[in-house]
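Just so we're aligned, residue 1 is where the sequence shown starts under our numbering, counting upward by one. Here a beta-carbon is modelled for each residue, glycine too, at the ideal position from N, C-alpha and C. Please read the structure below before turning to the comments.
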Amino acid sequence: MLKLHNILARGNVARATEDLYDRNALLILDQQIRETRAALERSRRALALAIAGDQAEARRAAEIDTRAADLEGRAVAALGAGRDDLASDAAEAIAELEAERRAIAEARTRFAAEVARIRATVADATRRQAELERGRRVAGATEAVRRLSAQTGRADTATLREAEATLARLRALQAEASDTEAALSELDGADITERLAREGFGPRTHPTGGDVLERLRRKAGLAPAA
């Protein structure tokens, strides 16, 4: 029985842990992204320092080459002048420089392979970090929609429908008011036009009985009335 209780207790702890993780998944993901971003930045800086160090070694090798070539020229001149002692000392120095140059070249060869490996690792991490952050944005939007859906129940849906109906009614009332104003404006314009026509200013706006009779006489082929 005690063993069963222990198993159940561990199960409850595990379930509570999973529930806590699920409820705070975005918060946990944000922190993990911050940590991976910081780690990636450190890797980039380390790679940049390594590349800078290799470039410094390349400059050092070039300086050694220049110094060795200068000593070699001087040693040849010393030999030509019969100063074998000076030429021998120069030869020793040149041998040391050549040994150092070989050591630098071997170290740079190994270093280049390591830098290439680190560069590939950083490039892959950069790609994965970018994908992770894009996924976080999508997950955040999805979670926001999910929470909105969870909070929006039937009451909210009914409220939306009511609001839509109110908007439709408001638009209808506004359209009706606009039509009424247009009709009133037209009537006002027609009223003043009619008054002017009755006073003899401009053509009549409506046909009279006489106008209709004249039209009928023309249709009948009769001469206009005198």
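Member of the options whose CA lies at the smallest distance from the CA of residue i
i	options	result
D30	V122, R134, Q55 and E57	R134
E49	A91, A125, R119 and S178	Per the sequence shown, the amino acid found at residue 49 is Leu instead of Glu. That would be R119, whose Cα lies nearest to the Cα of L49.
A25	L47, A95, E143 and T121	E143
R44	E214, Q129 and A141	Q129
A125	T36, R217 and K219	T36
D54	V115, R215 and A141	V115
R34	L173, A175 and R136	R136
I104	A95, A58 and A141	A58
Residue environment, residue i, which counts as buried when at least 16 other CB atoms sit within 10 Å
i	result
L170	exposed
A139	exposed
L167	exposed
A155	Interpretation of A155 is limited by its pLDDT of 49, a score under 50 that renders its predicted location unreliable; no figure is taken from the coordinates.
L97	buried
H5	Because the pLDDT at H5 is just 49, under 50, the model does not fix this residue reliably, and the value given afterwards should be weighed accordingly. Exposed is the call here.
A87	buried
A75	buried
A90	buried
Residue i, DSSP secondary structure in three states
i	result
G135	helix
A220	helix
A141	helix
G82	coil
H5	Low local confidence applies: a pLDDT of 49 at H5 is under 50, so the model's placement there is unreliable, and no value is given.
For residue j and residue i, believed in contact at Cβ under 8 Å, the rounded distance
i	j	result
R101	A61	6 Å
A99	L71	Contact flag wrong, Cβ pair sits at about 14 Å.
Given 8 Å as the limit, is there contact between the region 25-44 and the region 65-73, that is, 3 or more CB pairs closer than that?
-> no
With contact counted as at least three CB pairs below 8 Å, one residue from each stretch, are the region 121-131 and the region 101-112 in contact?
-> Verdict: no, contact absent.
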